[in-house]
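Since the structure comes first, as structure tokens, the remarks are kept for the end.
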Amino acid sequence: SSPPLSHPSIPCLPRLPLLGSLPWLGGRLPPHLLFTRLVNRYGSLFALYLGPHYTVVVNDHQHAREVLLQRGRDFAGRPSMVTTDLLTRGGKDIAFADYSPLWKLHRRLVHNSFTLFGEGTSRLQDIVLSSVDSLCVELLSSGGHGFDPSPAVTRAITNVVCTLVFSAIYCHGDAELQEVIQYNDGIVQTIARGGLVDIYPWMKVFPNSSLRKLKDCIIVRDRLLTRKLEEHKASVSDGDPRDLLDALLKGKMDRSPGSEEELITDDHVLMTAAEAFGAGVETTSTTLLWILAYLLHHPEVQDRVQKELDEQIGNERAVSVSDRGRLPYLDCVINEGMRIRPVSPVLIPHTAMTHSSIGGHSVGPGTRVLVNMWSIHHDPRHWDKPDLLNPDRFLDDQGQRVTPSCFLPFGAGPRVCVGESLARLELFLFLSFLLQRMSFRLPDGAPSPNLQGRLGVVLQPLPYKVIVTQRAGWEGGAK
Ligand code: HEM
Ligand code: PLO
Numbered sequence: 025s026s027p028p029l030s031h032p033s034i035p036c037l038p039r040l041p042l043l044g045s046l047p048w049l050g051g052r053l054p055p056h057l058l059f060t061r062l063v064n065r066y067g068s069l070f071a072l073y074l075g076p077h078y079t080v081v082v083n084d085h086q087h088a089r090e091v092l093l094q095r096g097r098d099f100a101g102r103p104s105m106v107t108t109d110l111l112t113r114g115g116k117d118i119a120f121a122d123y124s125p126l127w128k129l130h131r132r133l134v135h136n137s138f139t140l141f142g143e144g145t146s147r148l149q150d151i152v153l154s155s156v157d158s159l160c161v162e163l164l165s166s167g168g169h170g171f172d173p174s175p176a177v178t179r180a181i182t183n184v185v186c187t188l189v190f191s192a193i194y195c196h197g198d199a200e201l202q203e204v205i206q207y208n209d210g211i212v213q214t215i216a217r218g219g220l221v222d223i224y225p226w227m228k229v230f231p232n233s234s235l236r237k238l239k240d241c242i243i244v245r246d247r248l249l250t251r252k253l254e255e256h257k258a259s260v261s262d263g264d265p266r267d268l269l270d271a272l273l274k275g276k277m278d279r280s281p282g283s284e285e286e287l288i289t290d291d292h293v294l295m296t297a298a299e300a301f302g303a304g305v306e307t308t309s310t311t312l313l314w315i316l317a318y319l320l321h322h323p324e325v326q327d328r329v330q331k332e333l334d335e336q337i338g339n340e341r342a343v344s345v346s347d348r349g350r351l352p353y354l355d356c357v358i359n360e361g362m363r364i365r366p367v368s369p370v371l372i373p374h375t376a377m378t379h380s381s382i383g384g385h386s387v388g389p390g391t392r393v394l395v396n397m398w399s400i401h402h403d404p405r406h407w408d409k410p411d412l413l414n415p416d417r418f419l420d421d422q423g424q425r426v427t428p429s430c431f432l433p434f435g436a437g438p439r440v441c442v443g444e445s446l447a448r449l450e451l452f453l454f455l456s457f458l459l460q461r462m463s464f465r466l467p468d469g470a471p472s473p474n475l476q477g478r479l480g481v482v483l484q485p486l487p488y489k490v491i492v493t494q495r496a497g498w499e500g501g502a503k
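So the sequence shown is numbered by the working numbering: it starts at 25 and just counts up by one.
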């Protein structure tokens with residue numbers, strides 16, 4: 025990959041052979057903050073070398089819309105990375121696979137399979153409801169002591185996703201559920217420290233023990249999912265698909281023989297199931313934990329969500345998917361949470377597949393493009409007091425919901441998140457169920473949660489403690 029030859033060229037950081045621009049990237053800042061700082065010096069569009077790779081960094085929503093939407097096809101490629109190649113058997117998944125006709129087909133199949141759990145069905149709602157019930161019991165059993173909500177939330181969401189993907193319903197402490205949580209944790213810890221950006225020539229830095237651990241976790245994952253796949257193949261029927269694995273297997277078989285569509289293999293099905301699982305767990309639980317952390321900082325926001333729930337739903341019944349239109353403030357809180365702490369602050373790296381351009385600068389094929397959603401979501405030209413949680417930004421003067429054009433937590437265009445509607449529905453159901461039944465507050469004398477976060481494969485809040493109390497009218501438990 026070489027820099028564009030035509031002028032004007034994009035302002036570029038200095039570089040050395042091999043190391044690229046590494047010596048100019050300074051110490052410890054995670055990429056999204058580092059890039060945001062470099063904007064002061066180089067402007068909102070700049071380039072640098074990550075090792076040998078010429079990389080353009082986009083920090084402004086207009087350039088982001090060019091890359092993702094206007095010229096989305098040009099920039100729909102993905103670079104190959106050592107760890108993600110291992111994770112996906114060389115790109116037989118959706119997120120880390122390079123653009124190709126087969127990828128497009130595969131992506132469409134996955135997208136169609138997800139509609140199984142969409143707005144029109146009560147499937148997801150029933151699954152979330154049953155899992156939230158045990159989450160409530162678990163959260164309330166702390167008996168007024170401060171505790172870290174993360175393990176319980178992660179377990180509840182893992183449970184929901186296991187039901188969605190392969191119809192497993194686990195009880196508390198189930199050994200298979202523990203195994204799933206453990207291998208996933210291992211992958212999260214080893215796949216990419218510092219986000220999915222190969223900032224450092226990692227061969228030098230990446231310890232072999234990490235790679236070993238990643239491989240071990242992948243073996244455990246594959247053993248479990250292969251077993252689920254075989255069980256599904258043996259029991260798939262003509263009726264409605266039971267879960268994502270069923271839907272994928274059916275979609276694969278429905279295709280006419282002889283066409284290139286046959287090329288979707290069992291490996292693709294397996295990698296998709298693994299990815300839907302990984303994405304489903306990490307993103308949703310992290311977003312929920314961010315929103316909870318912010319509610320502890322802003323009790324008035326929690327009060328307002330609960331007031332809306334009391335007025336619109338009451339305490340006689342659980343919230344349902346069809347109530348979404350009546351709970352605009354809750355939706356705004358979810359949006360504001362995803363604005364202020366995007367779980368994927370620099371998205372997944374894109375690559376240019378042809379000669380193209382960004383902001384009038386020409387960009388050559390193979391160029392890597394990082395879209396810094398963090399700086400877009402914190403741009404003071406577009407957001408008033410960007411560091412302050414203010415859900416009202418997503419309401420206009422008439423109290424109607426609005427979506428500003430510089431709000432893109434799921435990306436956009438050909439590489440937009442395939443799980444967006446599923447994720448939104450899940451966040452809505454979890455938060456409404458929880459806040460209807462219980463209140464969250466800081467333990468006496470405890471510090472407010474640290475909001476800085478730690479960047480791994482996603483941007484996570486640091487651990488914090490909460491006290492959970494049951495709300496009046498819910499003493500009887502599930503309704
Ligand atoms: C991709 C955000 C939940 C599956 C992405 C991307 C973002 C994102 C920013 C990358 C876009 C790009 O590179 O341009 C989120 C957020 C979520 C969420 C904020 C929840 C709050 C989910 C869920 C699933 C999922 C629940 C699946 C069950 C995927 C997949 C891709 C993706 C497969 C890759 C798409 C592609 O490369 O074509 N997501 N996601 N996500 N997401 Fe999500
Ligand atoms: C999380 C750990 C899993 O074991 C594997 C996995 C699959 C898909 C990844 C996900 C991990 C992290 C979050 C990602 C998701 C695809 C889209 C999502 C990167 C690595 C985001 C936020 O972009």
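Don't be surprised by glycine CBs; every beta carbon is placed ideally from N, CA and C.
- Put simply, the backbone Cα of Leu320 is about 42 Å away from that of Tyr123.
- For the pair Ala376 and Arg102, the Cα-to-Cα distance works out to about 8 Å.
- Around the beta-carbon of Asn232, fewer than 16 other beta-carbon atoms lie within 10 Å, marking it exposed.
- Membership of Tyr66 in the alpha helix (DSSP H) is indicated by the continuous run 55-66.
- Of all C-beta pairs linking the region 342-359 to the region 313-332, three or more are shorter than 8 Å, placing the two stretches in contact.
- Within the chosen limit of 7 Å, the ligand PLO does not reach the beta carbon of Leu62 with any heavy atom.
- At the C-beta level, Val345 and Gln476 stay beyond 8 Å of one another.
- For Ile382 against Val184, the beta-carbon gap comes to about 39 Å, at or over 8 Å, which does not count as contact.
- Residue environment analysis places Gln460 among the buried positions, since at least 16 neighbouring C-beta atoms fall within 10 angstroms of its C-beta.
- In the DSSP annotation of this structure, the continuous segment of the alpha helix (DSSP H) that includes Val325 starts and ends at 323-336.
- Residue pairing of Gln484 in beta bridges, as defined by DSSP: Arg478.
- If you look at Val212, you'll find it in the alpha helix (DSSP H) that goes 199-215.
- DSSP places Phe464 inside the beta strand (DSSP E), whose first and last residues are 462-465.
- Taking one beta carbon from each stretch, the region 268-279 and the region 235-248 have fewer than 3 pairs nearer than 8 Å; the two do not touch.
- Residue pairing for Arg392: DSSP places it in a beta bridge opposite Thr79, Thr375.
- Beta-bridge analysis with DSSP links Ile382 to His385.
- Taken from the Cβ of Ser445, every heavy atom of the ligand PLO lies 7 Å or farther away.
- It is roughly 44 Å from the alpha-carbon of Leu201 to the alpha-carbon of Pro389.
- Secondary-structure assignment with DSSP links Gln494 through a beta bridge to Met462.
- Beta-bridge pairing by DSSP links Gly101 to Thr375.
- Taking every protein chain shown into account, the CB of Arg341 has fewer than 16 other CB atoms within 10 angstroms, so this residue is exposed.
- Bounds of the beta strand (DSSP E) holding Ala71 are 69-74.
- Look at Phe120 here: in three-state DSSP terms it is coil, with no helix or strand label.
- Between Val482 and Thr214 the beta-carbon gap is near 14 Å, outside 8 Å, which marks them as no contact.
- Distances between the C-beta of Glu306 and the heavy atoms of the ligand PLO include at least one below 7 Å.
- Annotated three-state conformation of Phe301 is helix, per DSSP.
- Taking Lys252 as reference, the option from Leu72, Pro404, Asp270, Thr79 with the minimal CA-CA separation is Asp270.
- With a cutoff of 8 Å on beta-carbon distance, Leu486 and Ile315 are scored as not near each other.
- The Cβ atoms of Ser463 and Thr493 lie closer than 8 Å to each other.
- Minimum Cα-Cα distance from Glu90 among the listed residues Cys430, Glu444, Arg465 corresponds to Cys430.
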